[in-house]
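Step one of this worksheet: look at the structure below.
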Amino acid sequence: MQQISSFNDHQSGSLYLVPTPIGNLDDMTFRAIKTLKEVDLIAAEDTRHTQQLLNHFDISTRQISFHEHNTEQRVPELIEKLKAGYSIAQCSDAGMPSISDPGKELVAAAVREGLPVIPLPGANAGLTALIASGLVPQPFYFFGFLERKHQQQVTALEQLKERKETMIFYEAPHRLKKTLATMAEVFGNERRVVLARELTKRYEEFTRGTLAEVTAWFEDHQPRGEFVILVAGNEHPTEKTDNEIELPLTEQVDKEILNGLSTNAAIKLVAKKNNIKRQELYKQYHQL
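Residue numbers (numbering that gives the first Met the number 0): 0 to 287.
Spelled out as structure tokens, the structure:
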């Protein structure tokens with residue numbers, strides 16, 4: 000069991016997790032602005048994008064890039080800076096770090112090293128959409144982005160179609176129509192769905208209906224902007240039989256491979272479904 004200690008016990012710097020607006024700059028909190036001004040360094044998903052935010056609030060703190068493609072290089076570097084006493088703010092392009100954005104690897108490394116991790120509250124697209132959706136707000140199940148290939152989406156959605164909770168997905172506009180069609184294929188045409196578009200921005204919009212109705216609507220309308228898709232839970236889920244009891248992890252991977260996924264895609268899906276690290280399952284599956 001990890002020992003609980005006060006942040007004041009540490010001589011190291013602290014890692015601050017700073018949410019940024021998902022559209023409307025007025026949603027930036029006073030505390031977030033103050034933190035970004037006072038830290039020694041900002042680890043940003045896209046330094047050019049974050050610079051626009053910093054310019055708006057007259058923040059001159061130095062930035063360093065930290066995104067999914069340089070994680071292995073940056074995490075040890077940032078951990079050493081924290082140990083040396085630097086305070087670092089980590090932020091993504093929009094919303095909360097680690098939620099469908101970079102961040103979780105740095106947080107995990109800081110926790111392992113016993114370094115202070117300080118989260119700030121702020122904007123989150125999934126929860127913002129959920130409270131205005133009209134669907135049951137709790138419990139809910141957050142998934143984020145589905146894989147892009149049709150069969151991968153089908154496999155993931157098949158694992159979710161019996162869930163009773165409202166489900167939250169993110170999707171880009173150019174993939175929205177195909178994703179809605181796949182959801183209708185797996186969940187059925189009558190499942191209720193809410194689409195939240197351009198949240199907190201000028202053209203914020205909610206589209207509500209069944210999957211059949213919403214899919215038909217987008218046949219005549221071009222999706223624009225980022226979307227949150229909220230799908231109502233299954234009100235009449237099918238009870239599992241003894242033969243459908245959850246398989247061991249490696250057998251789950253084998254099953255997804257038989258369903259058409261590549262080995263890596265199957266490992267990624269099973270890891271996400273079971274809330275474990277992909278690297279751990281990769282090593283377990285390949286007996287490394």
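Note that beta-carbon positions come from the ideal geometry of N, C-alpha and C, so glycine has one too. Being a predicted model, the structure only gives us computed values, none of them experimental.
query: Sub-8 Å separation of GLU129 and PRO120 beta-carbons; result: Checking the sequence, you will find Leu at residue 129 rather than Glu. Cβ distance not < 8 Å, so LEU129 and PRO120 don't count as in contact.
query: Short CB-CB distance (under 8 Å) between PHE141 and chain D; result: Absent from the structure is chain D; it holds one protein chain and no more.
query: Three or more C-beta pairs below 8 Å linking the region 32-49 and the region 87-100; result: yes
query: Own chain residues within Cβ distance below 8 Å of LEU287, not counting five before or after; result: TYR281
query: Contact set for VAL269: own chain, Cβ-Cβ below 7 Å, skip 5 residues either direction; result: LEU248, GLN251, VAL252, GLU255, LEU280
query: Segment limits, beta strand (DSSP E) that includes ALA88; result: 87-90
query: Of the listed residues LYS276, GLY232, GLN278, THR19, nearest to TYR140 (C-alpha basis); result: GLY232
query: CA-to-CA distance, GLY143 to LEU246, given in whole angstroms; result: 24 Å
query: ILE58 vs LYS36 beta-carbon contact at 8 Å; result: yes
query: Rounded C-alpha distance that separates TRP216 from VAL193; result: 12 Å
query: TYR284: first and last residue of the uninterrupted beta strand (DSSP E) it sits in; result: Looking at the DSSP string, TYR284 is not in any beta strand (DSSP E); the run it does join, the alpha helix (DSSP H), is 277-284.
query: Contact check, LEU52 vs THR28, beta carbons under 8 Å; result: no
query: Alpha-carbon to alpha-carbon, THR237 and GLU243; result: Because GLU243 sits at a pLDDT of 48, beneath the cut-off of 50, its placement in the model cannot be relied upon, and the following sentence gives the value as read from the coordinates. The straight-line gap from Cα to Cα measures roughly 11 Å.
query: Beta-carbon separation (whole angstroms), VAL227 vs GLY94, contact threshold 8 Å; result: In fact, because the Cβ distance is near 11 Å, the residues do not count as touching under 8 Å.
query: Endpoints, the beta strand (DSSP E) within which GLN347 is located; result: This structure gives no information on residue 347, because the portion of the chain shown stretches from 0 to 287.
query: Strand pairing of VAL135, partner residues [DSSP]; result: Its beta-bridge partners do not exist; DSSP assigns none.
query: Cβ distance (whole Å) where GLU189 is taken to contact ARG196 below 8 Å; result: Rounded, the Cβ-Cβ distance is 23 Å, inconsistent with contact.
query: Contacts around THR199, its chain only, beta-carbon distance under 8 Å, and the 5 residues preceding and following it disregarded; result: PRO20, ILE21, GLY22, ASN23, ASP26, ALA122, THR127
query: ILE78 and TYR15 closer than 8 Å at C-beta; result: no
query: LEU40 - DSSP class collapsed to helix/strand/coil; result: strand
query: Residues near ALA108 by beta carbon distance below 7 Å, same chain, minus five either side; result: VAL74, ILE78
query: VAL38 versus HIS68, ARG162, ARG30, THR60, residue with shortest Cα-Cα distance; result: THR60
query: THR178 versus TYR85 - alpha carbon distance; result: 43 Å
query: Distance between LYS80 and GLU225 (C-alpha atoms, nearest Å); result: 35 Å
query: Reference LEU114, options GLY12, THR34, VAL153, GLU164, closest by Cα; result: GLY12
query: Candidates THR206, GLY208, SER97: closest to PHE65 by CA position; result: SER97
query: Option nearest PRO172 by Cα separation, candidates LYS271, GLN151, ARG147, LEU159; result: ARG147
query: Cross-strand partners of THR209 (DSSP beta bridge); result: ARG191
query: One or two residues paired with LEU16 in a DSSP bridge; result: GLN89, PRO118
query: Close beta carbons around HIS48, own chain, < 8 Å, minus the five adjacent residues each side; result: ASP92
query: GLU157: first and last residue of the uninterrupted beta strand (DSSP E) it sits in; result: That residue, GLU157, is in no beta strand (DSSP E); its alpha helix (DSSP H) goes 149-157.
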